[in-house]
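See structure below.
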Amino acid sequence: MPTVLATGDLRGEIKPCGCSPEGQFGGLPRLLTFVQQTRGASPQPVLVNLGNNFPAPSDQGRLKVELTQTVLRALPPDAILPGPNELALGAEALDAALPYVASNDRVGRVFRPRVQVRRAGRTIGIYGYLSPSLVYQGSQTRFALEPVTPAWLQRLRAESDAAGDELRLLLFRGNDEELAILADAQVFTRIVGGNPFDDELHQVLTRQVGAQTVAQVPTKGQGVLRMPLGVGPAQVEWLGERYADHPRAVAAMSVYDEQVKQLFFRQMEQLQRAQSAAVFAGVATCEPCHKPIVQLWSASGHARAHAVLVGAGKQFDPECLACHVVGLGSGGYINQTVTPQLANVQCENCHGPGIAHNGNPAAVKPRPAVPAAQNPLRPGEATCRTCHRGSHSPKFDFPTYWAKIKH
């Protein structure tokens, strides 16, 4: 029976930090050593990756993406299931040379529908299911993930039979309901899951679905699952110090470290320029004198405006950012690294730059949202409509919306 090695859920943890001697597991350099040692055995195992390897979007995160895909190419896995972390950067961030598999993608322009390999004398079809509930899909998205349905399973089984698969392995990331449907269908020889948890100190390595136990990879890439492609328990090979850093990965890490150093210097220059030209203070400076108003703001949708863009994958689009942050292009928001205090719609979006007022509140007053003389019954509506307009906010009604934030 073929052996499966499964890893993934790196979540940007490219190497143990070394801050503490306890719990220093995982890392790309050790993973490459482990895989190359194991592949030297006979018969050769099936190597799969459950995705979610990328970090949260940031300038340094993009460097980690390059490093991660460099090491993945050096492995390489037989199949990779794309995860929400990968797709948060857009499908364009994925290396086309790597075998990303999503069998429930109706479009098929980005991901492969399946991968077929031969191990231990058996023909194996590797399939991937990524729940559409976990990723943003808009009109411009280059993929279209469909939910698990009997029709989809029937079509997959027919394609697998036609391709001559003797065994079927499913890479899964989704919810318990979807997993139960897939497990009960008995289409797949074995299912292995991505890990939905972020706590590497309390690893959860299985999911119970009815009478079936589905193994899931360790989070933060701290270990590798080893299991038969059939009936049998899954075991974890923890990537501790017994596995030396692979020279090829060490070389890639050196390039990354130099890039991070240069990024640090660039960001410091950006920060110095931003501080010297800053006219916006951020909501935290308003709170000491305007606590009730800031509390009202904290509970409003304005306080979550930037998160809306992140959920839609639009946090790097200047046209969208302009209405979701403070002062973009006018001495305000630059990015989440340099000016995180200016994310979201805040006091200064309506009342103007506040640094001068904060420095001398008695002498410098913030402007009203709209001079009362212009519209005493609806002060501020014109300001609101700079963003709440047209198709961007088709249900906008000033009295209704103003009541939510009236202060």
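Just so you know, the sequence shown maps onto residues 0 to 406 in numbering that gives the first Met the number 0. Beta carbons: idealized from backbone N, C-alpha and C, even for Gly. All figures in this text were calculated on a predicted structure; none of them were measured in a lab.
Residue i in three-state terms, based on DSSP
| i | result |
| --- | --- |
| E145 | coil |
| Q373 | For Q373, the predicted model reports a pLDDT of 46, less than 50, meaning its position is unreliable and no value from the coordinates is stated. |
| C16 | coil |
| P317 | helix |
| V70 | helix |
| P378 | Low confidence applies to P378: its pLDDT is 48, below 50, so where it sits in the model is not reliable, and the reading given next is rough at best. It is coil, neither helix nor strand. |
| E165 | coil |
| A342 | strand |
| I79 | strand |
| A157 | helix |
| R113 | coil |
| P249 | Looking at the sequence provided, one finds Val at residue 249 rather than Pro. Helix at V249. |
| T284 | helix |
| P42 | coil |
| V307 | helix |
| F395 | coil |
| R265 | helix |
| R272 | helix |
| I123 | strand |
| R118 | strand |
| T188 | coil |
| R388 | coil |
| E199 | coil |
| Y417 | Only positions 0 to 406 of the chain appear in the structure, and residue 417 is not among them; the question remains open. |
| V64 | helix |
| T32 | helix |
| D58 | helix |
Minimum C-alpha distance to residue i - residue among the options
| i | options | result |
| --- | --- | --- |
| A355 | N334, A306, F279 and S329 | F279 |
| D175 | K219, S130 and T140 | S130 |
| P217 | R10, C285, G229 and L181 | R10 |
| Y225 | V293, F33 and Q340 | Residue identity check: residue 225 is Arg in the sequence provided, not Tyr. Among V293, F33 and Q340, the Cα nearest to that of R225 belongs to F33. |
| E12 | L155, M0, A5 and P28 | P28 |
| V223 | A40, T148 and L238 | L238 |
| L86 | A101, R72 and V235 | A101 |
| C386 | P360, S329, L341 and H323 | H323 |
| H201 | Q221, V213 and G351 | Q221 |
| A304 | N343, A119 and L320 | N343 |
| V325 | P149, T69, G310 and N348 | N348 |
| R189 | K313, A362 and M0 | M0 |
| H327 | Q185, A214 and A276 | Sequence check: residue 327 is Leu here, not His. Checking every option, the nearest Cα to that of L327 belongs to A276. |
| A233 | S253, V203 and A243 | V203 |
| I125 | F110, H301, A90 and E91 | F110 |
| R206 | V307, G192, E199 and D198 | G192 |
| L155 | L181, A73 and Q139 | L181 |
| L308 | T284, Q335 and K290 | Q335 |
| E177 | Y128, P83 and P393 | Y128 |
| D244 | Q23, T2, L4 and V3 | Q23 |
| W151 | H406, A184, L133 and V337 | A184 |
| A407 | C346, V249 and K313 | Nothing about residue 407 can be read from this structure; the chain reaches only from 0 to 406. |
| A119 | L228, F315 and G389 | L228 |
| V337 | E257, G107 and R272 | R272 |
| Q36 | E236, P56 and F196 | E236 |
| L168 | R121, E318 and A55 | R121 |
Cβ distance (whole Å) where residue i is taken to contact residue j below 8 Å
| i | j | result |
| --- | --- | --- |
| A143 | Q136 | 6 Å |
| G25 | P15 | 6 Å |
| C288 | P360 | 7 Å |
| R247 | L62 | At roughly 18 Å, the Cβ-Cβ gap does not stay under 8 Å, so R247 and L62 are not in contact. |
| R172 | G50 | 7 Å |
| I404 | S299 | 5 Å |
| L341 | Q59 | Between Q59 and L341 the Cβ distance is about 19 Å, and since that is not below 8 Å, they are no contact. |
| V70 | A92 | Not confirmed; about 16 Å, so no contact. |
Paired residues, beta bridge with residue i - DSSP
| i | result |
| --- | --- |
| G193 | Note: G193 sits in no beta bridge, so no partner. |
| Y135 | None; Y135 has no bridge partner. |
| Y128 | F171 |
| Q207 | T212 |
| G222 | W237 |
| I354 | Paired residues: none, contrary to the question. |
| V100 | R111 |
| T6 | N48 |
| G227 | The residue asked about is misnamed: residue 227 is Pro in this sequence, not Gly. Its beta-bridge partners are T2. |
| V324 | A342 |
Near the ligand SAH: residue i beta-carbon under 7 Å from a heavy atom
| i | result |
| --- | --- |
| E199 | In the structure shown, the ligand SAH is absent, as is every other ligand, since no ligand is present at all. |
Interface flag, residue i vs chain B, CB-CB below 8 Å
| i | result |
| --- | --- |
| G25 | Absent here is chain B; the protein component of the structure consists of one chain. |
**Message:** Tell me whether the stretch 288-301 and the stretch 92-105 touch, counting them as touching only if at least three CB pairs, one residue from each stretch, are closer than 8 Å.
**Reply:** no
**Message:** Under 8 Å, with one C-beta from each stretch per pair, do the stretch 68-77 and the stretch 31-51 reach the 3-pair mark?
**Reply:** yes
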